[in-house]
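2 protein chains.
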Amino acid sequence: MANGYTSDLSGDDIRSNSDVPEVVVQRLPLYVRVLSQFESAGAEMVSSEHLGTQLQMTPAQIRKDLSYFGRFGKQGRGYNVKRLALELRSILGLDRQWNAGLVGVGRLGRAIIAYPGFRPEGFRVVAAFDADPSVASSAIGDIDVRPIAEIKNTVADLGIRIGIVAVPAANAQSVFDALVEAGIKAILNYAPVAPQVPPNVKVRGIDPVLALQSMTYFLKPDRTDG
Amino acid sequence: MANGYTSDLSGDDIRSNSDVPEVVVQRLPLYVRVLSQFESAGAEMVSSEHLGTQLQMTPAQIRKDLSYFGRFGKQGRGYNVKRLALELRSILGLDRQWNAGLVGVGRLGRAIIAYPGFRPEGFRVVAAFDADPSVASSAIGDIDVRPIAEIKNTVADLGIRIGIVAVPAANAQSVFDALVEAGIKAILNYAPVAPQVPPNVKVRGIDPVLALQSMTYFLKPDRTDG
DNA sequence: GTTTGTGAAGGATTTCACAGCA
DNA sequence: TGCTGTGAAATCCTTCACAAAC
Chain A
1 MANGYTSDLS GDDIRSNSDV PEVVVQRLPL YVRVLSQFES AGAEMVSSEH LGTQLQMTPA
61 QIRKDLSYFG RFGKQGRGYN VKRLALELRS ILGLDRQWNA GLVGVGRLGR AIIAYPGFRP
121 EGFRVVAAFD ADPSVASSAI GDIDVRPIAE IKNTVADLGI RIGIVAVPAA NAQSVFDALV
181 EAGIKAILNY APVAPQVPPN VKVRGIDPVL ALQSMTYFLK PDRTDG
Chain B
1 MANGYTSDLS GDDIRSNSDV PEVVVQRLPL YVRVLSQFES AGAEMVSSEH LGTQLQMTPA
61 QIRKDLSYFG RFGKQGRGYN VKRLALELRS ILGLDRQWNA GLVGVGRLGR AIIAYPGFRP
121 EGFRVVAAFD ADPSVASSAI GDIDVRPIAE IKNTVADLGI RIGIVAVPAA NAQSVFDALV
181 EAGIKAILNY APVAPQVPPN VKVRGIDPVL ALQSMTYFLK PDRTDG
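Here it is, written out as structure tokens:
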């Protein structure tokens with residue numbers, strides 16, 4: 001995200017900071033992704049050097065990151081691609097399904113429901129919520145849309161662990177509050193706001209505008225291109 | 001946002017690292033955003049304390065960040081909301097329009113074109129490109145769709161400074177190459193790949209899956225909720 | 001009294017560099 | 001020989017704490 005603000009840890013039922021830096025956790029999915037690519041390209045072994053080239057990172061950083069979780073490599077040979085991918089997926093909890101609840105079924109919310117990239121990675125949107133009563137109590141595809149007031153019950157009933165917020169900025173904070181109240185500890189936020197949540201709830205923001213705005217800074221010394 | 005990997009700087013025509021840390025630049029848009037909110041709420045002045053509460057950051061960090069660019073505050077009073085917003089927008093180059101070219105007009109690409117959040121912030125998608133010849137040379141809304149081979153000319157003709165990549169993973173690298181070849185220095189990447197670009201080209205990734213995958217780590221110690 | 005701007009301190013992250021193993 | 005795993009060094013980033021300004 002661009003740019004995930006991330007409300008931090010040290011809850012009681014969220015994995016505590018223990019001593020793995022947050023940045024390291026954020027890089028793990030990147031490793032999983034390129035390992036998958038190597039895997040389907042048929043590679044058996046891979047070195048930190050090789051991974052580093054793909055990800056434009058130093059080999060040392062990759063080795064250090066992995067060393068927080070175990071000793072997965074073999075000197076002189078590198079890492080077994082399949083094994084390392086499996087280990088990392090297990091560390092991240094990607095070896096199971098995660099149910100998500102989407103709040104806001106406007107244009108963006110519908111695009112999120114239709115997005116085909118979640119399922120193959122084990123994320124399922126199993127319920128949707130909306131403030132508009134004419135939308136709520138209908139259905140989109142095979143997903144029921146319910147009134148916001150039902151978040152808490154539905155979260156419990158369907159085993160929802162992840163919230164996805166796709167409502168207008170003005171309504172976003174009240175949605176965060178409702179999700180937190182429902183016991184949600186991980187939120188993917190598409191709304192252009194800085195969420196106020198307790199420190200034991202993680203929020204990652206998806207915000208293309210913020211991403212663009214931090215790049216224009218570097219474009220400024222603007223040699224008249226066009 | 002989620003997690004922007006960011007291929008770094010020190011080009012010749014990209015604002016050099018000088019000595020403002022990259023993290024600081026990435027926070028500036030956040031400040032702009034909450035300042036806008038305060039502005040439309042009618043606030044005249046704001047303190048670093050107050051901003052910090054909104055953004056869940058320490059006041060010291062905000063003051064330090066701002067101090068890289070100038071002395072915008074008044075002791076005892078804080079910052080003038082309108083003035084600070086204006087200064088930051090100017091620093092980030094948000095006081096003008098930026099033209100972007102979108103590559104890939106599938107489901108996601110069309111959603112990006114339809115996204116109403118760019119325009120009000122000064123970002124305009126002025127051209128689209130696609131590999132599929134049956135889509136290229138058509139138009140979507142008021143935007144022409146052209147073959148990928150025309151990127152370079154179109155970038156020059158329309159003054160495009162920003163590339164937006166919304167193609168399938170398999171085609172993404174060749175699109176990055178084409179954009180770089182066309183002289184683009186800032187790319188917003190929606191494709192789930194780690195781009196290989198020269199160090200003077202900035203890339204920010206928008207990737208909800210990566211964002212989710214780094215949150216599940218903290219959910220793992222999984223008290224059977226559902 | 002309040003709040004900024006900033007050196008200096010403290011903490012976190014990255015990189016170095018090399019012993020140890022295959 | 002080739003490459004990992006890792007303490008130690010170096011760098012980067014955040015927070016502290018206070019003089020100066022309003």
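Here the protein sequences line up with chains A and B, keeping their order.
In terms of this note's numbering, the first sequence opens at residue 1 and continues consecutively.
In terms of this note's numbering, the second sequence opens at residue 1 and continues consecutively.
Glycine included, C-beta positions come from ideal geometry on N, C-alpha and C.
Item	Value
Beta-carbon separation (whole angstroms), residue 169 of chain A vs residue 190 of chain A, contact threshold 8 Å	Actually they do not touch by this definition, with Cβ atoms about 10 Å apart.
Simplified DSSP assignment, three categories, for residue 2 of chain A	Any reading at residue 2 of chain A must be qualified, since the residue scores a pLDDT of 32, below 50, and its modelled position is unreliable; the value itself is stated next. Three-state result, residue 2 of chain A: coil.
Proximity winner among A:205, A:213 and A:81, relative to residue 28 of chain B (alpha-carbon distances)	A:213
Outcome for residue 49 of chain A when other beta-carbon atoms lying within 10 angstroms are tallied against a minimum of 16	exposed
Straight-line Cα distance separating residue 202 of chain B from residue 11 of chain B	Reliability fails at residue 11 of chain B, whose pLDDT of 37 lies under 50, so the model's placement of it is uncertain and the value that follows must be treated cautiously. Answer to the nearest angstrom: the Cα atoms are 10 Å apart.
Members of the region 44–65 of chain B that neighbour chain A once the beta carbon cut-off is set at 8 Å	54, 55 and 56
Rounded separation between residue 209 of chain A and residue 218 of chain A - CA only	15 Å
Sub-8 Å separation of residue 227 of chain B and residue 116 of chain B beta-carbons	This structure does not reach residue 227 of chain B, given that chain B is present from 1 up to 226, and the question cannot be answered.
Limits of the unbroken alpha helix (DSSP H) element including residue 109 of chain B	107–114
Chain B contacts made by the region 151–171 of chain A, where a contact means CB separation under 9 Å	155, 156, 157, 158, 159, 160, 161, 162, 164 and 169
Validate contact between the region 156–166 of chain A and the region 97–115 of chain A using beta carbons, cut 8 Å, 3 pairs	yes
The region 78–94 of chain B in contact with the region 106–113 of chain B per 3-pair CB rule at 8 Å	no
Simplified DSSP assignment, three categories, for residue 208 of chain A	helix
DSSP state of residue 57 of chain B mapped onto helix, strand, coil	coil
Whole-angstrom distance between residue 161 of chain A and residue 133 of chain A, CA atom to CA atom	24 Å
Residues of its chain near residue 221 of chain A, where Cβ-Cβ distance is below 6 Å and the 5 sequence neighbours each way are ignored	none
Between the CA atoms of residue 215 of chain A and residue 22 of chain B - distance to the nearest angstrom	10 Å
Proximity winner among B:92, B:58 and B:144, relative to residue 26 of chain B (alpha-carbon distances)	B:92
Endpoints, alpha helix (DSSP H) assigned at residue 31 of chain B	22–40
DSSP state of residue 101 of chain A mapped onto helix, strand, coil	strand
Residue(s) in a DSSP beta bridge with residue 74 of chain A	A:78
Cα-Cα separation, residue 88 of chain A to residue 188 of chain B	27 Å
Residue 155 of chain A and residue 143 of chain A closer than 8 Å at C-beta	no
CB contact below 8 Å: residue 186 of chain B versus chain A	yes
Beta-carbon spacing of residue 99 of chain B, residue 159 of chain B below 8 Å	yes
Under 7 Å by beta carbon: chain B residues contacting residue 34 of chain A	194
Cβ-based burial, residue 127 of chain B [other Cβ within 10 Å; buried from 16]	buried
Neighbourhood of residue 182 of chain B by C-beta distance below 7 Å, restricted to the same chain and skipping five residues each side	151, 152 and 155
Residue 45 of chain B - partner residues in DSSP beta bridges	B:80
Chain-ordered neighbours of residue 229 of chain A on chain B, where CB pairs are closer than 8 Å	Residue numbering for chain A in the displayed model covers 1 to 226; residue 229 of chain A lies beyond these limits and cannot be assessed.
Short CB-CB distance (under 8 Å) between residue 173 of chain A and chain B	no
Cβ of residue 228 of chain B within 8 Å of any chain A Cβ	In the structure as shown, chain B begins at 1 and stops at 226. Residue 228 of chain B is therefore absent and cannot be evaluated.
Whether residue 40 of chain A touches residue 85 of chain A by CB criterion (8 Å)	no
Beta strand (DSSP E) segments (min. 3 residues) lying fully within the region 153–222 of chain B	160–165, 186–189 and 202–205
Cβ of residue 232 of chain A within 8 Å of any chain B Cβ	There is no way to answer for residue 232 of chain A, as the model of chain A reaches only from 1 to 226.
N- and C-terminal bounds of the beta strand (DSSP E) containing residue 118 of chain A	That residue, residue 118 of chain A, is in no beta strand (DSSP E); it is neither H nor E in DSSP.
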